[in-house]
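Encoded as structure tokens, the structure appears first; notes follow it.
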Amino acid sequence: MLLNRSAVFRPVSVKSRLASPEFIAQNLERIAGTFGQLILEVTQNCNLRCRYCTYSGRHAGMRAHNNLVMPWDVARKAIDFFLKNPSQQSPNPYISFYGGEPTLNMGLVRRCVEYARSRHQNVTFGITTNGTLLDEEVTRFLVAHDFALYVSLDGPRAIHDQARVFAGGGGTFDVISRSLRALKDFAPEYYSKRVLFQCTMSPGVDFPKLLDFFANASELIGGLPPLLSLETRGLGDCISATQLAEFNNGFAALGERYLQKVIRGDRGDTEFAVLRGIFQKPFLSIHRRMVRPNGQGECFHTRGTCFPGNARLFVHADGTYFPCVKCNNALEIGNVEKGLDGAKICAIYRAYHDLHQNECRTCWAMNLCAFCFALDTRRTGRFEAGLYQPGCEDHREY
0 MLLNRSAVFR PVSVKSRLAS PEFIAQNLER IAGTFGQLIL EVTQNCNLRC
50 RYCTYSGRHA GMRAHNNLVM PWDVARKAID FFLKNPSQQS PNPYISFYGG
100 EPTLNMGLVR RCVEYARSRH QNVTFGITTN GTLLDEEVTR FLVAHDFALY
150 VSLDGPRAIH DQARVFAGGG GTFDVISRSL RALKDFAPEY YSKRVLFQCT
200 MSPGVDFPKL LDFFANASEL IGGLPPLLSL ETRGLGDCIS ATQLAEFNNG
250 FAALGERYLQ KVIRGDRGDT EFAVLRGIFQ KPFLSIHRRM VRPNGQGECF
300 HTRGTCFPGN ARLFVHADGT YFPCVKCNNA LEIGNVEKGL DGAKICAIYR
350 AYHDLHQNEC RTCWAMNLCA FCFALDTRRT GRFEAGLYQP GCEDHREY
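Residues 0 to 397 in numbering that gives the first Met the number 0 are what the sequence shown spells out, letter by letter.
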């Protein structure tokens, strides 16, 4: 009865909060002062050629691997913009380093850390890496500055090496394993608290083997739950309906396994820790969903998108601003020379709103939605009607 009286499963009025470019311009300083994460693309080069990579050169609007590196002047200006008004920032502003493979440009990473700390003593850092270049010098630096270390690891060797390969085609699992073991021996407490694994799953993955690896490979993983994500971008349109259905069924079986463990109170093993890392957030999003008695105040953002430039800011190596790392060139929102562009932000948000308002208006899962701008521009680099619909159906099913 409560659900029937709420806006959770009822048609809602979808209105944009961004009425005009003037609204953006008037509130730009307040909006820009609220994002708590700066992401610096310190290089567009990579020593791997992963078969599903966004930057393979096969995707409209997305760059391909190249030798461009971020100049120091661009990095400095981006950090200055991020930290210019600490009173409006998080007490612990977060700067992360991205690529390409960011450990290819550790000289710039070191310089950025030193400069940012001179501007704000509580700034924290993170880095996303393929894990193949974590030598002693790099790991000592990361540990000394308490980096959050995100390592891409797709599972056991047989699964990981299917897609994550060097430019010459060889697998990377053994190299990463050696680096991780050395890091764990050198700084076990850091390893247990600050190392996180990002596992990219794709159709054809063996879910039982994947779960067994992350639950039981204690020497390498140490019982740490991975951050799992489904990435189909690199596979383009070659995914068949059968493959996608098999993937969805396998993923749903994992979700049911987690749910049954919760119901039974079976929460003490490493398998549960891994499953919780995968499924706890979506379960909690339902439990904590927005419930409005009698449907009052029925106004939401279209789908689950962020406000561009509000949650985080991604800076390309050339100094161009984007909402996040998943966005292609169509979603530029400014640069280090001129700052955020209010007109571009408003145009992106308005185009997205206009594309989706009719479908979202009657969707019961609207305020549980996690889709965003990047999904709608992934194929052509432009907002494209209809591209999101299979994803919407999968999300509601999930």
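The beta-carbon is built from N, C-alpha and C at its ideal position, and this holds for glycine as well. Quantities reported herein were computed from a predicted structural model and do not represent experimental measurements.
Could you say which of V335, E336, E331, H352 lies nearest to A342 if we only look at CA atoms?
E331
Could you pull the start and end residues of the beta strand (DSSP E) that G125 belongs to?
123 to 128
Inside the region 112 to 188 only - beta strand (DSSP E) runs reaching at least 3 residues:
123 to 128, 147 to 151
Report buried or exposed for T102, applying the criterion of at least 16 other Cβ atoms within 10 angstroms of its Cβ.
Per the 10 Å Cβ criterion, buried.
Beta-bridge partners of S55, as assigned by DSSP:
A63
Run the CB neighbour count on L398, radius 10 Å, all protein chains shown included, and call it buried at 16 or more, exposed below.
For the chain, the structure presents residues 0 to 397; residue 398 sits outside this window and is missing.
Give the C-beta separation of I285 and K208 to the nearest angstrom, bearing in mind that I take them to be a contact with Cβ-Cβ under 8 Å.
Actually they are not in contact, since the Cβ atoms of I285 and K208 sit about 29 Å apart, beyond 8 Å.
Note down, in chain order, each residue of its chain lying with its Cβ closer than 8 Å to the Cβ of G308, except the 5 sequence neighbours on either side.
I30, A31, F34, Y320, P322, I332, G333, L339, I344
Every unbroken alpha helix (DSSP H) inside the region 325 to 386 [4 residues or more]:
341 to 360, 372 to 375
Would you report the Cα separation of D160 and L219, rounded to the nearest angstrom?
Taken atom to atom, the span from the alpha-carbon of D160 to that of L219 is near 16 Å.
Give every residue of the same chain whose Cβ lies closer than 7 Å to the Cβ of E392, excluding the five residues on either side of it in the sequence, and list them in chain order.
Here the set comprises nothing.
Go ahead and label Q120 buried or exposed: buried means 16 or more other beta carbons lie within 10 angstroms of its beta carbon, across all protein chains shown.
By the neighbour-count rule (16 or more Cβ atoms within 10 Å), Q120 is not buried but exposed.
Taking just the CA atoms, how far does D205 sit from P85?
Residue placement at P85 is flagged as unreliable, the pLDDT there being 49, under the threshold of 50; the coordinate-derived value follows with that caveat. Spanning the two alpha carbons is a distance of roughly 46 Å.
Taking the DSSP output, what are the residues bridged to R275?
R275 pairs with nothing; no bridge assigned.
Can you tell me whether N293 is buried or exposed, with buried defined as 16 or more other CB within 10 angstroms of its CB?
Because the pLDDT of N293 is 43, which lies under 50, any placement of that residue in the model is unreliable, and the question is left without a value.
Local conformation of F306 per DSSP, three classes:
coil
Tell whether a beta-carbon distance below 8 Å holds between Y51 and T199.
yes
Taking just the CA atoms, how far does G125 sit from F196?
13 Å
Would you kindly work out how many angstroms separate the C-alpha atoms of V73 and V164, rounded to a whole number?
31 Å
Among Q356, N44, N91, which one has its Cα closest to the Cα of F68?
Residue 68 is actually Val in this sequence, not Phe. If we check each option's Cα against that of V68, N44 comes out closest.
Span separating the alpha-carbon of H394 from that of A373:
16 Å
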